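K.L.:
Per this note's numbering, residue 19 is the first one in the sequence shown, and the count goes up by one each step. Glycine included, each C-beta is placed from N, C-alpha and C at the ideal position. All figures in this text were calculated on a predicted structure; none of them were measured in a lab.
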Amino acid sequence: MKGLQVALVLFALTGTAQSQGRFQKDTVQTAKGPLVMTFIGHASLLFEWNGQVIYIDPSSREANFYQLPKATMIFVTHHHGDHCDPAALKAITTDKTKTFMTPLAHEKWNQGMIVRPDQTLHINGITIETLPAYNLEHKRENGQPYHVKGECVSYVLNLGGTRIFIGGDTENTPEMKALRDIDIAFLPMNLPYTMTPEMVADAARAFKPRILYPYHYGKSDLNHLLELLADEQEVEVRIRRF
19 MKGLQVALVL
29 FALTGTAQSQ
39 GRFQKDTVQT
49 AKGPLVMTFI
59 GHASLLFEWN
69 GQVIYIDPSS
79 REANFYQLPK
89 ATMIFVTHHH
99 GDHCDPAALK
109 AITTDKTKTF
119 MTPLAHEKWN
129 QGMIVRPDQT
139 LHINGITIET
149 LPAYNLEHKR
159 ENGQPYHVKG
169 ECVSYVLNLG
179 GTRIFIGGDT
189 ENTPEMKALR
199 DIDIAFLPMN
209 LPYTMTPEMV
219 ADAARAFKPR
229 ILYPYHYGKS
239 DLNHLLELLA
249 DEQEVEVRIR
259 RF
């Protein structure tokens, strides 16, 4: 029985490693140790830093989250199904997990802390800022924006002095363009829901993240974004598989 238990543990660990192994990862150094960023897919991200396991917008469309590490923190930008998925949340949540989500997302999960735009929180050694995420230009046939101002958020996470902006679903809003001292930015780029390459480039020129990851990009033309920012020396554009 003991041998069987060991075998089962090894099998579980191997499954987790294999699942994580199919995703691209980048590591950056912070003042408090390395930050490993796993690009799960679409809008789903995993950050591992200083003993924390942090998920952004986990969605079962992108992975089997039962094969991934349990979360210490989860951040949900809004209520749409590709960002707020109760099945994925259930797979990675424990009784110690701290979850942050907007009011409409909370209606789907009914756990965790409700956040709204323009808040600042300090939890688990991390400073968390929220910004409004919304459409300026792109709208549904009835004239309603795909993302209404006040319903969705973007996050700025300060991990050991490294400031990371996660856009969620948004356009190049004045609030985003007013950001400063952003080390890493994840900006969404797909139509009709978020930004065009021109909008992403406009935002990047405004707040100048040190590293820019376009994500949530669907079939968008990534080469066009690279062309638009070719002369922007202060911004490193990194293309990864999402």
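Using three-state DSSP, classify Glu-66 as helix, strand or coil.
P.N.:
For the purposes of this step, residue 66 is identified with residue 48 of the sequence shown, where counting begins at 1. The answer is strand: DSSP assigns Glu-66 an E or B state.
K.L.:
Should Val-253 and Leu-244 be called a contact, given that it needs their Cβ atoms to be closer than 8 angstroms?
P.N.:
If you number the sequence shown from 1, residue 253 lands on position 235. If you number the sequence shown from 1, residue 244 lands on position 226. Their beta carbons are not under 8 angstroms apart, which means Val-253 does not touch Leu-244 by this criterion.
K.L.:
Per DSSP, Gln-251 is paired with what?
P.N.:
Numbered from its first residue, the sequence shown carries residue 251 at position 233. Paired residue(s): none; Gln-251 is not in a bridge.
K.L.:
What three-state label does DSSP hand Asn-241 in the structure shown?
P.N.:
The sequence position of residue 241 within the sequence shown is 223, counting from 1. Note: Asn-241 maps to helix in three-state DSSP.
K.L.:
Take Val-48 as the anchor and find which of Arg-40, Gly-59, Ala-106, Glu-66 has the nearest alpha-carbon.
P.N.:
Position 30 of the sequence shown, counted from the first residue, corresponds to residue 48. Looking at the sequence shown, residue 48 is not Val but Thr. Ranking Arg-40, Gly-59, Ala-106, Glu-66 by Cα distance to Thr-48 puts Glu-66 first.
K.L.:
Under 8 angstroms, do Leu-230 and Thr-191 count as touching if we go by C-beta distance?
P.N.:
Along the sequence shown, read from residue 1 onward, the residue named residue 230 stands at position 212. Along the sequence shown, read from residue 1 onward, the residue named residue 191 stands at position 173. Contact: no.
K.L.:
Here's the rule I'm using: 16 or more other beta-carbon atoms within 10 Å means buried, otherwise exposed. How should Glu-169 be labelled?
P.N.:
Position 151 of the sequence shown holds residue 169. The residue is buried, with at least 16 neighbouring Cβ atoms inside 10 Å.
K.L.:
Pop quiz: Ile-110 and Glu-80 are said to be a contact at Cβ under 8 angstroms. What is the actual Cβ separation, rounded to whole angstroms?
P.N.:
For this step, residue 110 is matched to residue 92 along the sequence shown. For this step, residue 80 is matched to residue 62 along the sequence shown. The Cβ separation is near 13 angstroms, so there is no contact.
K.L.:
Report the residue ranges of all beta strand (DSSP E) runs contained in full by the stretch 115 to 161; include only those spanning at least 3 residues, in chain order.
P.N.:
116 to 119, 138 to 141, 144 to 151
K.L.:
Beta-carbon within less than 8 angstroms of His-101's beta-carbon, same chain only, minus the 5 sequence neighbours each way: which residues are those?
P.N.:
Here residue 101 refers to the residue found at position 83 when the sequence shown is read from its first residue. If we look at His-101 and ignore the five residues flanking it on each side, its Cβ neighbours are Ala-61, Asp-75, Ser-77, Val-94, Thr-95, Ala-123, Gly-186, Asp-187.
K.L.:
Please go through the same chain and pick out, in chain order, the residues whose beta-carbon is closer than 6 angstroms to the beta-carbon of Leu-139, but skip the five residues on each side of it.
P.N.:
Within the sequence shown, the letter at position 121 stands for residue 139. Ile-146, listed in sequence order.
K.L.:
Skipping 5 residues on each side, what residues in its chain have a beta carbon closer than 8 angstroms to that of Met-213?
P.N.:
Counting from one through the sequence shown, the residue named residue 213 turns up at place 195. The answer, listed in chain order, is Thr-188, Glu-189, Asn-190, Leu-205, Pro-206, Met-207, Ala-221.
K.L.:
Please return the same chain residues whose Cβ sits closer than 6 angstroms to the Cβ of Lys-20, not counting the five positions on each side in sequence.
P.N.:
For the purposes of this step, residue 20 is taken as the residue at position 2 of the sequence shown. Annotation note: pLDDT 36 at Lys-20 (below 50); position unreliable, coordinate value reported separately. Cβ within range, chain order: n/a, list empty.
K.L.:
Restricting to runs no shorter than 4 residues, where is the alpha helix (DSSP H) found entirely within the stretch 174 to 238?
P.N.:
192 to 195, 215 to 225
K.L.:
Can you tell me whether DSSP reads Arg-259 as helix, strand or coil?
P.N.:
One-based indexing of the sequence shown puts residue 259 at position 241. Three-state result, Arg-259: coil.
K.L.:
Assuming Leu-53 and Thr-180 form a contact by the criterion Cβ under 8 angstroms, report the distance between their Cβ atoms to the nearest whole angstrom.
P.N.:
Residue numbering aside, residue 53 sits at position 35 when the sequence shown is read from its first letter. Residue numbering aside, residue 180 sits at position 162 when the sequence shown is read from its first letter. Right, the Cβ-Cβ distance comes to about 6 angstroms (below 8 angstroms), so this counts as a contact.
K.L.:
Cα-Cα, which of Ile-200, Glu-193, Leu-246, Ser-238 is closest to Glu-216?
P.N.:
The count along the sequence shown starts at 1 and reaches residue 216 at position 198. Looking at the Cα atoms, Leu-246 is the closest of the given residues.
K.L.:
How many Å lie between Lys-88 and Phe-183 at the Cα?
P.N.:
Stepping through the sequence shown from its first residue, residue 88 is reached at position 70. Stepping through the sequence shown from its first residue, residue 183 is reached at position 165. Going by the C-alpha atoms only, they are around 23 angstroms apart.
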